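Residue numbering for the sequence shown follows my numbering, starting at -6 and increasing by one per position. For each residue, glycine too, the CB sits at the ideal point set by N, CA and C. This structure is a prediction, so every number in the text was calculated from the model and none was measured.
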Amino acid sequence: MEESGCCKFYSQCRDILREELIPAMGCTEPIAIALCAAKARDVLGTMPQEVEVEASGSIIKNVKSVIVPHTDHMRGIDTAAAVGIVGGKAEKMLNVLADVTPKEQELIKLFLEQVPIRTSYAKDGRVFDIIVTVKANDSNGKEHYAKVRIVDYHTNIVHIEKDGEVLLDTPLDTAGSEPITDRSILSVEKIWDFAMNSDVEKMKLVLDPQIKYNMAISEEGLKNNYGANIGKTLLAIYGDKDIKVRARAAAAAGSDARMNGCEMPVIINSGSGNQGITASVPVITYARELEVGEEKTYRALALSNLIAIHQKTGIGTLSAYCGAMSAGIGAGCGIAYLLGGDLEAIKHTIINAVVTVSGIICDGAKASCASKIATAVEAGINGYYMYLNGNNFNPGDGIVGKDVEDTIGNVGKLASEGMKDTNDTIIDIMIK
C-alpha cells in the first residue's frame, strides 16, 4: 500500500516497534542485573572475589520473587548477579543468559557459597537504577575493582569505571538516558492510521519473532506445570470452547512459564516480557480462530503493541501501576479490530477498559502476574463488547477525560505521580 505523505510517521512507528519488540530470556529486571554484573566482570577482566549490588526499590521489588533462568529455580538479586558473572554474555544484552551451560549452572551455586555479595538501596532516588561493583586481588595482593551502572531502562549502561579510571560516563539528563525513538508522536488516531495503512511487508520482520517466541512459551505454559498454572486453571474451569477464555488462558500460560523458571525467550513490549506476551498472544489466538489471514493478523498486532506502548509512555518503565493492564487493553484493541471494530470502537475500548483495571498494582514479578494478565485481557475484550452494546463510560466518570488521549494522560499522571507513595509502601511490605 502507498505510504506517500505519511512515510516519516510510518517509519517512526516501525522504529518504535523495532526498539521495543526485542528478545529477552527471563524477567527483564533480574536480567538487567545479570547484564550489569556480566559487564562489570568483563571490565574487571577476572572472576571477582567480592560483589556489591546497589538497586532502586522498584528493581528490588521486581527481582525479589521471580525465578532467574539457569539457576535451578533460585531467586533474588544475589542470584541474578551471580549467574550474570559466572555465565552471562554481556554482548547479548537481554539475552545475556541465553548460553549458560549446565557446568556453569553448577558453578553458580559454588560462586554464591564462596563469594560475598552485598546488596543495598541505590542512593540516587531514580526509579530504575542498578550499580554493580566487583572486586578482586591480583597475584601481588593488590585490589582491583570495576563498576557498571544501568539507569532508566534495561540496557542503558551509563557509567563504566575501572580502578579509578572512568571509561564511560553519560550525563543522566541527556538523551542518552532515554529511548532512542520519540514516543510523543503517538496518538490513538495516528496509531490506527499506521496499523491500517502501513506496508505489511515492512511489519513482518519485527512481528514474526513475536508470533513465534510468544506463542511457543504460551504453549509450554499450557503443556507443563508452572507456578499457579493460571492458564491451565482457566481452561479447567471454563472449558476450551469459548475463544475469550482461550485467549486469556493462552496469555496467562505464557506468564506462568516465564515467571516460574522456563528458559525460553520472549519478545518484550515496554521493557517487559509479560507485557509482550499480553499484547500479542490473545490477538494471535483470536486471529487464528477467526482465520483472518496474515495481513489482518499483522495489522492487529501492530495496533495492539503500539496502543500498549502509547499508554505505557506516560506511566514509565517501572511504577506501582501494573503494566500488564496497558498491554491487555492493547490486546483488546487488536481483537476489536479483528472482530470488525473501527477507530471509534478502538477509542471506546481503551476508555472502557482502562477505567476498569487502572487500580491494579504492580507488586513485583512473580507467579500472580499471570492472573493479572488474564484480568487485563478480559477487561480489554469487555471494553469492546460494552461499545458494541452501546454502553460506554463517559467524560467525568472518575478518571475518564474529555477524550481517549485525555484519559490516557490521566492514567499516566495517576501512575507516575499519584502512585509514588504506593510504590514505596509496596516495596516496604515486600521487604518486611
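Selected residue, minimal CA-CA separation from residue i, among the options
| i | options | result |
| --- | --- | --- |
| V56 | G411, L37, H147 | H147 |
| I322 | G333, L331, L311, Q304 | Q304 |
| I261 | G214, K216, P202 | P202 |
| R111 | G81, E256, A75 | A75 |
| A243 | K225, L331, A27 | K225 |
| I26 | G38, I53, L37 | I53 |
| N384 | V285, N375, G391 | N375 |
| G309 | K406, N88, L14 | K406 |
| V472 | L161, A367, T21, R11 | What is shown of the chain runs -6 to 425, which leaves residue 472 out entirely. |
| E410 | A338, L103, A313, P16 | A313 |
| I15 | V238, E282, Y206 | Y206 |
| N217 | D249, D186, T64, V393 | D249 |
| K183 | K395, Y3, G391, V393 | Y3 |
| M18 | E97, M196, L103, G247 | G247 |
| D235 | K197, L283, D156 | L283 |
| A188 | L294, C315, H63 | L294 |
| D65 | G80, K82, Q98 | Q98 |
| G69 | A83, D92, E22, N88 | E22 |
| G433 | W185, K128, V144 | The first residue shown for the chain is -6 and the last is 425, placing residue 433 beyond what the model contains. |
| N88 | P109, V61, M67 | V61 |
| A372 | E337, M67, K237 | K237 |
| D417 | L103, I354, V144, V393 | I354 |
| E45 | C0, S113, K96 | S113 |
| I339 | K1, M67, D186, I124 | D186 |
Nearest-angstrom Cα separation, counted from residue j out to residue i
| i | j | result |
| --- | --- | --- |
| F500 | Y378 | Here the chain has residues from -6 to 425 only, and residue 500 is not among them. |
| A73 | S263 | 21 Å |
| T271 | L105 | 34 Å |
| K85 | I302 | 24 Å |
| D446 | D356 | No answer is possible for residue 446: it lies beyond the span of the chain, which begins at -6 and ends at 425. |
| Q268 | V370 | 11 Å |
| G169 | I424 | In this prediction, G169 has a pLDDT of 45, which is less than 50 and means its spatial position is unreliable; what the coordinates show is noted afterwards. Cα to Cα, the separation comes out at about 32 Å. |
| C6 | Q107 | 48 Å |
| I422 | S49 | 15 Å |
| S132 | L200 | 51 Å |
| C362 | D122 | 22 Å |
| E(-5) | Y380 | At E(-5) the pLDDT is 44, less than 50, meaning the model places this residue with poor confidence; the figure from the coordinates comes in the next sentence. Using only the alpha carbons, I get a separation of about 32 Å. |
| T415 | D117 | 19 Å |
| R292 | I9 | 15 Å |
| A408 | G307 | 8 Å |
| I78 | I101 | 9 Å |
| M431 | V404 | Any property of residue 431 remains undetermined from this structure, which presents the chain solely from -6 to 425. |
| E136 | E154 | 14 Å |
| N190 | G352 | 34 Å |
| G327 | T126 | 44 Å |
| V285 | I343 | 23 Å |
| G391 | H341 | 15 Å |
| I420 | E13 | 27 Å |
| R241 | A317 | 12 Å |
| H152 | H63 | 27 Å |
| N28 | G81 | In the sequence under discussion, the amino acid at residue 28 is Leu, which differs from the Asn named in the question. Taking the straight line from one Cα to the other gives about 7 Å. |
| Y231 | G254 | 27 Å |
| G266 | C20 | 7 Å |
| A320 | T94 | 33 Å |
| G214 | N222 | 8 Å |
| L331 | A83 | 40 Å |
| E47 | D335 | 48 Å |
| G134 | T174 | 47 Å |
| D396 | K195 | 31 Å |
DSSP bridge partner residues for residue i (one or two, in chain order)
| i | result |
| --- | --- |
| R111 | E45 |
| M430 | The question about residue 430 has no answer, for the chain in this structure spans -6 to 425. |
| S191 | BP columns for S191 are empty, so no partner. |
| I153 | V141, L161 |
| S265 | N262 |
| M18 | P258 |
| R68 | I60 |
| K128 | E43, Y138 |
| I123 | A48, I143 |
| I101 | According to DSSP, which records beta bridges pairwise, I101 is partnered with nothing at all. |
| I236 | DSSP output for I236 lists no bridge partner at all. |
8 Å contact criterion, which residue i and residue j should meet: CB distance rounded
| i | j | result |
| --- | --- | --- |
| I300 | M208 | That pair is no contact at about 20 Å. |
| V193 | E288 | 5 Å |
| A324 | S297 | 5 Å |
| G220 | A115 | G220 to A115, Cβ: 29 Å. No contact. |
| I24 | L90 | 7 Å |
| I210 | V259 | 6 Å |
| S51 | V120 | 5 Å |
Residue i CB to nearest heavy atom of the ligand ZN below 6 Å
| i | result |
| --- | --- |
| L336 | Of the ligands one can find in the structure shown there are none, so the ligand ZN has no counterpart to examine. |
Item to complete: Would you check if there are 3 or more beta carbon pairs closer than 8 Å linking the segment 345 to 352 to the segment 397 to 405?
Response: The segment 345 to 352, when compared against the segment 397 to 405, does touch it at the 8 Å Cβ threshold.
Item to complete: Give a yes or no on contact between the segment 124 to 140 and the segment 32 to 49, applying the rule of three or more CB pairs nearer than 8 Å.
Response: Below 8 Å, enough C-beta pairs join the segment 124 to 140 and the segment 32 to 49 to call them touching: three or more.
Practice prompt. Please determine if the segment 213 to 233 and the segment 41 to 48 are in contact, where contact requires at least 3 C-beta pairs separated by less than 8 Å.
Written response: They do not touch, by the three-pair rule.
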